[in-house]
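*Asks:*
Residue numbers (our numbering): 217 to 338.
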């Protein structure tokens with residue numbers, strides 16, 4: 217059974233949404249793939265929040281800028297990936313990269329997904 221982790225992440229306030237997305241896609245993800253190797257998620261989906269096209273006013277309270285969804289083979293692979301990111305040889309590279317586009321004063325909200333129910337239009 218796969219193991220899914222969802223993060224809500226916050227961009228640095230001095231970056232535009234386009235700059236945030238550019239760094240995330242062109243710098244951060246390649247770094248994560250190079251460090252993670254075979255432990256990199258089976259899929260890593262990023263969804264960027266539109267703060268200008270609000271469906272309801274309540275959405276304006278959304279403080280995060282992206283939802284990152286990572287699907288791993290299993291929890292063990294996730295733990296291996298996390299260990300690689302936190303290892304002495306990689307932690308400074310990861311922290312330096314994250315400081316370039318994330319608001320590190322706001323801890324990402326991390327959620328582990330156990331059950332997924334999907335309803336589709338016929």
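Just so you know, even glycine gets a beta-carbon here, dropped at the ideal spot from N, CA and C.
1. Thinking residue 317 and residue 244 are a contact (beta carbons under 8 angstroms), I'd like their distance in whole angstroms, please.
2. Less than 8 angstroms between the beta carbons of residue 287 and residue 335, yes or no?
3. For residue 264, which three-state DSSP category applies?
4. So for residue 220, helix, strand or coil by DSSP?
5. Should residue 292 be counted as a contact of the ligand ZN given a C-beta to heavy atom distance under 7 angstroms?
6. What does the alpha-carbon distance come out to for the pair residue 325 and residue 285?
7. Would you list the one or two residues that DSSP bridges to residue 288?
8. As a quick exercise: from 296, 299 and 227, pick the residue whose alpha carbon is nearest that of residue 320.
9. Have a look at the DSSP bridge pairing and note the partners of residue 329.
10. Please classify residue 281 as buried or exposed, where buried requires at least 16 neighbouring CB atoms within 10 angstroms.
11. Would residue 309 pass as a contact of residue 231 if the rule is Cβ separation under 8 angstroms?
12. So which of 301, 292 and 337 has the shortest CA-CA distance to residue 249?
*Replies:* The short version:
1. 7 angstroms
2. no
3. strand
4. strand
5. The ligand ZN is absent from the structure shown, which contains no ligands of any kind.
6. 12 angstroms
7. 219
8. 227
9. 220
10. buried
11. no
12. 301
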